[in-house]
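Per the numbering used here, numbering of the sequence shown is gapless, rising by one per residue and ending at 307.
Written out below as structure tokens is the structure these notes cover.
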Amino acid sequence: MRERCHDRGATSLRSSAPDPREGRMVRSSQVTGWVGWIWFAGIVLVTLGFFNAISGLVAVFSPNSLVGVTEQGVVVLDVSAWGWIHLVIGILLVITGFALLSGRGWARMVAIVLVVLNAVAQFTTLQVTPWWSIITILLDVFVLWALVVHGDEAERAAR
Numbered sequence: 149m150r151e152r153c154h155d156r157g158a159t160s161l162r163s164s165a166p167d168p169r170e171g172r173m174v175r176s177s178q179v180t181g182w183v184g185w186i187w188f189a190g191i192v193l194v195t196l197g198f199f200n201a202i203s204g205l206v207a208v209f210s211p212n213s214l215v216g217v218t219e220q221g222v223v224v225l226d227v228s229a230w231g232w233i234h235l236v237i238g239i240l241l242v243i244t245g246f247a248l249l250s251g252r253g254w255a256r257m258v259a260i261v262l263v264v265l266n267a268v269a270q271f272t273t274l275q276v277t278p279w280w281s282i283i284t285i286l287l288d289v290f291v292l293w294a295l296v297v298h299g300d301e302a303e304r305a306a307r
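Right, dumping it as structure tokens:
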């Protein structure tokens, strides 16, 4: 028996077939197109993690402060402290991204927390590196959307 299911715009086919061992019906579902958003989230997490780790290492080994001049005044940022923060967040993003790509159940919730932390960390450096921070925050928002809206679809596909 086959039935068509519609879930948030995605279509999947579920079929029921008898289980030869127990003589009862077993349900199976096929992976739908929405799972691609979870792959997108995992790949972006790994990429952002590598870039955060690299920028964190550069900040740790650079001079002690970074000065940015804006219309509101001068912004002085202790680069080594933020370097360590970006390095740790970057390493955690890479690990979580690979865990998300491998289908680990815990990775989705950890990734949601990490992208929020990453967006906050990037927001604090917005005055000093505006374009990099804006791009990173936008990617964090896309990843957050993919994980929150389409994460259930990936969990159902993994079962």
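Beta carbons: idealized from backbone N, C-alpha and C, even for Gly.
Using DSSP bridges, identify the partner residues of residue i.
i	result
L218	According to the sequence provided, residue 218 is Thr. The question's Leu does not apply to it. T218 is bridged to G221.
Taking the alpha-carbon positions, what's the residue i to residue j distance?
i	j	result
T277	V223	11 Å
T218	F199	25 Å
M149	A201	Low local confidence applies: a pLDDT of 46 at M149 is under 50, so the model's placement there is unreliable, with the coordinate-based value given in what follows. Each residue's alpha carbon lies about 51 Å from the other.
L286	Q270	10 Å
T284	N212	24 Å
V227	F290	27 Å
W279	T272	13 Å
L295	V215	36 Å
V236	Q220	31 Å
Thinking residue i and residue j are a contact (beta carbons under 8 Å), I'd like their distance in whole angstroms, please.
i	j	result
A259	L193	6 Å
L265	T244	11 Å between Cβ atoms; not a contact.
G190	G238	Their Cβ separation, rounded to whole angstroms, is 15 Å, which puts G190 and G238 out of contact at 8 Å.
V267	D288	Reading off the sequence shown, one finds Ala at residue 267, where the question assumed Val. Confirmed, Cβ separation roughly 4 Å.
L274	S281	4 Å
Quick one: give me the first and last residue of the alpha helix (DSSP H) that residue i is part of.
i	result
T195	V183 to V208
T277	No alpha helix (DSSP H) contains T277, which DSSP labels as neither H nor E.
Q272	Looking at the sequence itself, residue 272 is Thr, so the reference to Gln does not match. Looking at the DSSP string, the run of the alpha helix (DSSP H) that includes T272 is A255 to T272.
Could you tell me whether any non-hydrogen atom of the ligand FAD is closer than 7 Å to the CB of residue i?
i	result
L274	Judged by which ligands are present, the structure shown has none, so any question about the ligand FAD falls away.
For the pair the stretch 199-211 and the stretch 230-238, tell me if three or more CB-CB distances fall below 8 Å.
Contact between the stretch 199-211 and the stretch 230-238 is present, because at least three Cβ pairs lie under 8 Å.
Please confirm if the stretch 240-252 is in contact with the stretch 184-192, defined as three or more CB-CB distances below 8 Å between the two stretches. Cβ pair count under 8 Å is three or more, so yes.
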